[in-house]
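Asks: Be aware that the sequence shown starts at 160, since it is given in my numbering, and climbs by one per residue. I have a structure I would like to understand better, so I am pasting it below and will then ask my questions one at a time.
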Amino acid sequence: MNIVITVVVLFVLYRLFFYKPRKEYHIKDINEQSFTLAITKQSKGAPATDEKIIYWKNLKDIRFTSHKNLLSFEDIRNHVFAVPYHAKNWSALLQAVPERFTNFDHEYVKELLLQNEKKTYLKITAATPHLVMYDVSQSSKLSEEAFAWADVKTAQLNEDKTALSIALQNGHTFTIDDDIDNWYWLLKYVPNHFEDADYIKALFESFTACDVCGNIAVLGEECQACYEVIWHKNSVYPTKEKFIKERQLEIFGTDSPLEKIVFKVYEGEAFKKNPDWQLLVTEEEILDFSQENYWQEED
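What follows is the structure, encoded as C-alpha coordinates:
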(Lines of atoms letter the chains of each structure in order from A and count residues from 1; the text may use other names and numbers.)
(Lines give C-alpha, C1' and ligand atoms only; values in the text may rest on other atoms or scores of the structure.)
Protein backbone atom coordinates (compact mmCIF):
# COMPACT_ATOMS: atom_id res chain seq x y z
CA MET A 1 0.00 0.00 0.00
CA ASN A 2 2.83 2.39 0.87
CA ILE A 3 4.44 1.66 -2.48
CA VAL A 4 1.24 2.60 -4.33
CA ILE A 5 0.92 5.83 -2.34
CA THR A 6 4.54 6.69 -3.10
CA VAL A 7 4.03 6.05 -6.80
CA VAL A 8 0.91 8.23 -6.83
CA VAL A 9 2.75 11.08 -5.09
CA LEU A 10 5.68 10.83 -7.48
CA PHE A 11 3.37 10.92 -10.48
CA VAL A 12 1.45 13.89 -9.16
CA LEU A 13 4.75 15.74 -8.81
CA TYR A 14 5.78 14.57 -12.28
CA ARG A 15 2.48 15.73 -13.72
CA LEU A 16 2.74 19.13 -12.10
CA PHE A 17 6.33 19.92 -12.92
CA PHE A 18 7.39 17.83 -15.89
CA TYR A 19 4.63 16.24 -17.93
CA LYS A 20 2.82 18.83 -20.00
CA PRO A 21 1.85 18.95 -23.66
CA ARG A 22 4.24 21.08 -25.71
CA LYS A 23 1.32 23.28 -26.72
CA GLU A 24 -2.06 23.89 -25.13
CA TYR A 25 -4.81 25.32 -27.32
CA HIS A 26 -7.68 27.48 -26.10
CA ILE A 27 -10.48 28.73 -28.34
CA LYS A 28 -12.37 31.71 -26.97
CA ASP A 29 -14.46 34.76 -27.87
CA ILE A 30 -16.29 32.79 -30.56
CA ASN A 31 -18.85 34.81 -32.52
CA GLU A 32 -20.25 35.20 -36.04
CA GLN A 33 -17.31 37.34 -37.16
CA SER A 34 -14.31 35.71 -35.53
CA PHE A 35 -12.76 33.64 -32.76
CA THR A 36 -9.57 33.95 -30.74
CA LEU A 37 -6.93 31.22 -30.88
CA ALA A 38 -4.68 31.16 -27.81
CA ILE A 39 -1.66 28.84 -27.83
CA THR A 40 0.32 28.32 -24.65
CA LYS A 41 3.84 26.98 -25.00
CA GLN A 42 5.44 25.17 -22.12
CA SER A 43 9.09 25.84 -21.42
CA LYS A 44 11.54 25.63 -18.55
CA GLY A 45 10.48 29.12 -17.57
CA ALA A 46 6.96 30.49 -17.24
CA PRO A 47 4.47 29.38 -19.92
CA ALA A 48 4.05 31.89 -22.75
CA THR A 49 0.70 32.45 -24.46
CA ASP A 50 0.18 33.88 -27.93
CA GLU A 51 -3.28 35.01 -28.98
CA LYS A 52 -4.56 35.76 -32.44
CA ILE A 53 -8.00 36.79 -33.68
CA ILE A 54 -9.12 34.65 -36.61
CA TYR A 55 -11.75 36.27 -38.83
CA TRP A 56 -14.08 33.90 -40.66
CA LYS A 57 -14.09 36.20 -43.71
CA ASN A 58 -10.33 35.75 -44.06
CA LEU A 59 -10.58 31.96 -44.27
CA LYS A 60 -11.13 30.15 -47.55
CA ASP A 61 -11.19 26.53 -46.39
CA ILE A 62 -11.92 24.56 -43.21
CA ARG A 63 -11.88 20.76 -43.06
CA PHE A 64 -11.20 17.81 -40.76
CA THR A 65 -8.23 15.51 -41.20
CA SER A 66 -9.04 11.87 -41.95
CA HIS A 67 -9.49 10.81 -38.30
CA LYS A 68 -11.31 14.04 -37.43
CA ASN A 69 -8.83 14.79 -34.64
CA LEU A 70 -7.51 17.95 -36.28
CA LEU A 71 -9.33 20.86 -37.85
CA SER A 72 -7.33 22.36 -40.70
CA PHE A 73 -7.73 26.01 -41.69
CA GLU A 74 -6.47 27.78 -44.81
CA ASP A 75 -6.67 31.56 -45.06
CA ILE A 76 -6.78 33.84 -48.10
CA ARG A 77 -2.97 34.13 -48.02
CA ASN A 78 -2.69 30.32 -48.34
CA HIS A 79 -1.43 30.08 -44.76
CA VAL A 80 -2.44 26.71 -43.30
CA PHE A 81 -2.77 26.01 -39.58
CA ALA A 82 -4.53 23.36 -37.49
CA VAL A 83 -6.36 23.09 -34.18
CA PRO A 84 -6.32 19.70 -32.38
CA TYR A 85 -9.37 18.10 -30.81
CA HIS A 86 -7.98 18.47 -27.28
CA ALA A 87 -8.25 22.27 -27.59
CA LYS A 88 -10.41 23.90 -24.95
CA ASN A 89 -13.85 24.80 -26.35
CA TRP A 90 -13.31 22.50 -29.34
CA SER A 91 -17.04 21.66 -29.56
CA ALA A 92 -18.02 25.32 -29.49
CA LEU A 93 -15.62 26.02 -32.34
CA LEU A 94 -17.11 23.21 -34.44
CA GLN A 95 -20.61 24.57 -33.90
CA ALA A 96 -19.54 28.05 -35.00
CA VAL A 97 -18.09 27.14 -38.41
CA PRO A 98 -20.20 29.00 -41.01
CA GLU A 99 -22.25 26.97 -43.48
CA ARG A 100 -20.39 28.45 -46.46
CA PHE A 101 -17.41 26.17 -45.81
CA THR A 102 -18.51 23.23 -47.93
CA ASN A 103 -15.47 21.05 -47.19
CA PHE A 104 -16.35 21.09 -43.50
CA ASP A 105 -18.48 18.13 -42.38
CA HIS A 106 -21.43 19.96 -40.81
CA GLU A 107 -23.58 16.81 -40.58
CA TYR A 108 -20.86 14.99 -38.65
CA VAL A 109 -20.75 17.84 -36.13
CA LYS A 110 -24.51 17.71 -35.61
CA GLU A 111 -24.37 13.96 -34.92
CA LEU A 112 -21.33 14.40 -32.68
CA LEU A 113 -23.05 16.99 -30.53
CA LEU A 114 -26.07 14.73 -30.03
CA GLN A 115 -23.81 11.86 -28.96
CA ASN A 116 -21.73 14.02 -26.66
CA GLU A 117 -24.51 15.58 -24.60
CA LYS A 118 -24.08 12.99 -21.85
CA LYS A 119 -20.64 11.65 -22.73
CA THR A 120 -17.76 11.50 -20.27
CA TYR A 121 -14.38 12.47 -21.68
CA LEU A 122 -11.14 10.90 -20.53
CA LYS A 123 -7.57 11.91 -21.26
CA ILE A 124 -4.59 9.76 -20.29
CA THR A 125 -1.99 12.05 -18.73
CA ALA A 126 0.56 9.46 -17.56
CA ALA A 127 0.98 5.68 -17.80
CA THR A 128 3.53 3.22 -16.41
CA PRO A 129 3.61 -0.52 -15.63
CA HIS A 130 2.27 0.38 -12.18
CA LEU A 131 -0.10 3.33 -12.53
CA VAL A 132 -2.37 5.22 -14.92
CA MET A 133 -3.36 8.85 -14.41
CA TYR A 134 -6.19 10.47 -16.36
CA ASP A 135 -8.45 13.50 -16.52
CA VAL A 136 -12.23 13.07 -16.44
CA SER A 137 -14.45 15.73 -17.97
CA GLN A 138 -18.23 15.60 -17.74
CA SER A 139 -20.82 18.37 -17.88
CA SER A 140 -18.08 21.04 -17.79
CA LYS A 141 -16.57 19.51 -14.64
CA LEU A 142 -12.95 18.34 -14.68
CA SER A 143 -11.33 15.97 -12.21
CA GLU A 144 -7.97 14.21 -12.04
CA GLU A 145 -8.01 10.51 -11.20
CA ALA A 146 -5.66 7.52 -11.14
CA PHE A 147 -5.68 3.77 -10.69
CA ALA A 148 -2.96 1.24 -9.96
CA TRP A 149 -2.78 -1.84 -12.16
CA ALA A 150 -2.50 -3.89 -8.97
CA ASP A 151 -6.06 -2.78 -8.13
CA VAL A 152 -7.48 -3.85 -11.52
CA LYS A 153 -9.47 -7.09 -11.48
CA THR A 154 -10.10 -7.29 -15.23
CA ALA A 155 -9.09 -5.22 -18.26
CA GLN A 156 -10.67 -6.34 -21.51
CA LEU A 157 -10.88 -4.89 -25.02
CA ASN A 158 -14.20 -5.03 -26.86
CA GLU A 159 -14.66 -7.10 -30.01
CA ASP A 160 -13.60 -4.23 -32.30
CA LYS A 161 -10.57 -3.46 -30.09
CA THR A 162 -11.73 0.16 -29.82
CA ALA A 163 -12.52 0.33 -26.10
CA LEU A 164 -10.97 -1.00 -22.89
CA SER A 165 -13.33 -2.02 -20.08
CA ILE A 166 -11.75 -1.94 -16.64
CA ALA A 167 -13.11 -3.45 -13.42
CA LEU A 168 -11.38 -2.58 -10.16
CA GLN A 169 -11.14 -4.82 -7.11
CA ASN A 170 -13.50 -2.46 -5.25
CA GLY A 171 -16.30 -3.09 -7.78
CA HIS A 172 -15.92 0.17 -9.72
CA THR A 173 -16.11 -0.32 -13.51
CA PHE A 174 -15.57 2.04 -16.42
CA THR A 175 -14.76 1.98 -20.14
CA ILE A 176 -12.10 3.95 -21.99
CA ASP A 177 -12.62 4.52 -25.73
CA ASP A 178 -9.85 4.74 -28.30
CA ASP A 179 -10.68 8.36 -29.16
CA ILE A 180 -9.00 9.62 -25.99
CA ASP A 181 -5.63 11.36 -25.89
CA ASN A 182 -2.77 8.86 -25.52
CA TRP A 183 -4.83 5.70 -26.12
CA TYR A 184 -1.74 3.75 -27.14
CA TRP A 185 0.15 4.94 -24.08
CA LEU A 186 -2.57 3.26 -22.00
CA LEU A 187 -2.50 0.04 -24.05
CA LYS A 188 1.27 -0.17 -23.86
CA TYR A 189 1.17 -0.81 -20.12
CA VAL A 190 -1.78 -3.21 -19.84
CA PRO A 191 -0.23 -6.03 -17.74
CA ASN A 192 0.63 -9.31 -19.44
CA HIS A 193 -1.72 -11.40 -17.29
CA PHE A 194 -4.84 -9.85 -18.86
CA GLU A 195 -6.40 -11.72 -21.78
CA ASP A 196 -5.66 -9.14 -24.51
CA ALA A 197 -1.94 -8.97 -23.77
CA ASP A 198 -1.02 -11.07 -26.83
CA TYR A 199 -3.14 -8.88 -29.10
CA ILE A 200 -1.57 -5.70 -27.71
CA LYS A 201 1.93 -7.12 -28.11
CA ALA A 202 1.20 -8.06 -31.73
CA LEU A 203 -0.33 -4.63 -32.34
CA PHE A 204 2.79 -2.79 -31.22
CA GLU A 205 4.98 -5.17 -33.21
CA SER A 206 2.93 -4.31 -36.33
CA PHE A 207 3.70 -0.59 -36.17
CA THR A 208 6.16 0.72 -38.74
CA ALA A 209 8.33 3.81 -38.67
CA CYS A 210 7.01 7.24 -39.58
CA ASP A 211 9.28 9.16 -41.95
CA VAL A 212 7.93 12.47 -40.68
CA CYS A 213 8.15 12.35 -36.87
CA GLY A 214 10.42 9.31 -36.46
CA ASN A 215 8.14 7.36 -34.13
CA ILE A 216 7.48 3.68 -34.84
CA ALA A 217 3.76 4.42 -34.90
CA VAL A 218 2.36 3.93 -38.41
CA LEU A 219 -0.72 1.71 -38.52
CA GLY A 220 -2.24 1.19 -41.93
CA GLU A 221 -1.49 4.46 -43.68
CA GLU A 222 -1.50 6.89 -40.77
CA CYS A 223 0.95 7.66 -37.99
CA GLN A 224 -0.71 7.34 -34.58
CA ALA A 225 1.77 9.80 -33.04
CA CYS A 226 1.78 12.78 -35.42
CA TYR A 227 -1.32 11.80 -37.49
CA GLU A 228 0.43 12.28 -40.82
CA VAL A 229 -0.71 10.03 -43.66
CA ILE A 230 2.08 8.20 -45.48
CA TRP A 231 3.22 9.49 -48.87
CA HIS A 232 1.90 8.02 -52.13
CA LYS A 233 3.10 8.53 -55.69
CA ASN A 234 -0.20 10.20 -56.56
CA SER A 235 0.22 12.66 -53.69
CA VAL A 236 0.11 16.42 -54.24
CA TYR A 237 3.79 16.31 -53.27
CA PRO A 238 5.89 15.31 -56.32
CA THR A 239 8.46 13.37 -54.30
CA LYS A 240 8.56 11.59 -50.97
CA GLU A 241 11.44 13.81 -49.85
CA LYS A 242 9.42 16.95 -50.61
CA PHE A 243 6.50 15.55 -48.62
CA ILE A 244 8.65 14.70 -45.58
CA LYS A 245 10.32 18.12 -45.58
CA GLU A 246 7.02 20.00 -45.80
CA ARG A 247 5.40 17.96 -43.03
CA GLN A 248 8.45 18.22 -40.75
CA LEU A 249 8.45 21.99 -41.15
CA GLU A 250 4.81 22.08 -40.09
CA ILE A 251 4.85 19.73 -37.09
CA PHE A 252 8.14 20.99 -35.64
CA GLY A 253 7.47 24.67 -36.30
CA THR A 254 7.39 27.12 -33.40
CA ASP A 255 4.77 29.74 -32.62
CA SER A 256 7.21 32.45 -31.58
CA PRO A 257 10.93 33.25 -31.92
CA LEU A 258 11.30 32.57 -28.19
CA GLU A 259 10.06 28.99 -28.39
CA LYS A 260 12.68 26.25 -28.56
CA ILE A 261 12.37 23.72 -31.36
CA VAL A 262 11.35 20.36 -29.88
CA PHE A 263 11.47 17.24 -32.01
CA LYS A 264 8.61 15.51 -30.20
CA VAL A 265 4.92 15.16 -30.96
CA TYR A 266 1.98 15.29 -28.56
CA GLU A 267 1.04 11.61 -28.63
CA GLY A 268 4.52 10.14 -28.99
CA GLU A 269 4.92 8.84 -25.42
CA ALA A 270 3.72 5.33 -26.31
CA PHE A 271 6.09 4.69 -29.17
CA LYS A 272 9.73 3.90 -29.72
CA LYS A 273 11.84 6.17 -31.89
CA ASN A 274 13.28 4.82 -35.13
CA PRO A 275 17.08 4.92 -34.65
CA ASP A 276 17.54 5.46 -38.41
CA TRP A 277 15.11 8.37 -38.64
CA GLN A 278 16.42 11.44 -40.43
CA LEU A 279 15.42 15.04 -40.03
CA LEU A 280 15.45 16.41 -43.57
CA VAL A 281 15.15 20.08 -42.62
CA THR A 282 17.54 22.30 -40.73
CA GLU A 283 16.69 24.32 -37.65
CA GLU A 284 17.22 27.45 -39.74
CA GLU A 285 14.63 26.23 -42.26
CA ILE A 286 12.19 25.47 -39.43
CA LEU A 287 12.62 28.96 -38.00
CA ASP A 288 12.20 30.59 -41.43
CA PHE A 289 9.03 28.57 -42.04
CA SER A 290 7.73 29.37 -38.56
CA GLN A 291 8.36 33.08 -38.99
CA GLU A 292 6.45 33.09 -42.27
CA ASN A 293 3.55 30.90 -41.19
CA TYR A 294 3.23 30.76 -37.39
CA TRP A 295 4.76 33.76 -35.70
CA GLN A 296 2.32 36.53 -35.05
CA GLU A 297 3.11 39.96 -36.35
CA GLU A 298 3.98 42.57 -33.77
CA ASP A 299 1.44 45.36 -33.37
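Heads up, the beta-carbon is just placed ideally off N, CA and C, and yes, glycines get one too. Predicted model, so just to flag it, every value in this text is computed and none were measured.
Is it buried or exposed, Glu426, if we count other Cβ atoms within 10 angstroms and call 16 or more buried?
Replies: buried
Asks: Which runs of the alpha helix (DSSP H), 4 residues or longer, sit entirely within the segment 202-281?
Replies: 249-255 and 265-275
Asks: Would you decide whether Arg259 is buried or exposed? Buried here means 16 or more other CB atoms lie within 10 Å of its CB.
Replies: exposed
Asks: Can you tell which of Asn317, Ala326 and Leu301 has the C-alpha that lies nearest to the C-alpha of Val311?
Replies: Ala326
Asks: Alpha carbon to alpha carbon, how far is Val421 from Gly330?
Replies: 42 Å
Asks: On the DSSP letters alone, give me the boundaries of the beta strand (DSSP E) that Gln315 sits inside.
Replies: The continuous beta strand (DSSP E) containing Gln315 extends over residues Val311 to Leu316.
Asks: State buried or exposed for Asn374, treating a residue as buried only when at least 16 other CB atoms are found within 10 Å of its CB.
Replies: buried
Asks: Can you give, in chain order, each stretch of the alpha helix (DSSP H) that sits fully within the segment 315-396 and has at least 4 residues?
Replies: 342-347 and 356-365
Asks: With distances taken Cα to Cα, identify the nearest neighbour of Lys247 among Glu233, Lys282, Ser225 and Asn262.
Replies: Comparing Cα-Cα distances from Lys247 to each of Glu233, Lys282, Ser225 and Asn262, the minimum goes to Lys282.
Asks: Taking Asp355 as the reference, which of Glu364, Gln328 and Ala314 has the closest Cα?
Replies: Looking at Glu364, Gln328 and Ala314, the one whose alpha-carbon comes closest to that of Asp355 is Ala314.
Asks: Given Lys432, which residues of its chain have a CB within under 8 Å of its CB, disregarding the five upstream and five downstream residues?
Replies: Gly373, Asn374 and Ile375
Asks: Relative to the C-alpha of Asp447, which candidate in Trp436, Ala429 and Pro416 has its C-alpha closest?
Replies: Pro416
Asks: On the premise that Ile221 lies in contact with Phe194, defined as a C-beta separation below 8 Å, what is that separation, rounded to the nearest angstrom?
Replies: Actually they do not touch by this definition, with Cβ atoms about 12 Å apart.
Asks: Within the continuous alpha helix (DSSP H) that includes Ile403, where are the two ends?
Replies: Residue range Lys399 to Ile410 is occupied by the alpha helix (DSSP H) that includes Ile403.
Asks: Per DSSP, what kind of secondary structure is Ile283 in: helix, strand or coil?
Replies: strand
Asks: Leaving aside the five residues before and after His245 along the sequence, list all residues of the same chain whose C-beta is less than 6 Å from its C-beta, in chain order.
Replies: The answer, listed in chain order, is Asp340.
Asks: Under three-state DSSP, which class holds Glu418?
Replies: In this structure, DSSP gives Glu418 a state outside helix and strand, which the three-state scheme calls coil.
Asks: Whole-angstrom Cβ separation of Lys211 and Leu196, contact assumed at under 8 Å?
Replies: Indeed they touch by this definition, with Cβ atoms about 5 Å apart.
Asks: Taking one C-beta from the segment 316-323 and one from the segment 365-372 each time, how about it: are there three or more such pairs within less than 8 Å?
Replies: With a cut-off of 8 Å, the segment 365-372 and the segment 316-323 do not count as touching, because too few Cβ pairs lie within range.
Asks: Can you pull the DSSP bridge partners for Val295?
Replies: Leu281 and Ser302
Asks: Can you tell me where the alpha helix (DSSP H) with Glu442 in it begins and where it stops?
Replies: Glu442 to Asn452
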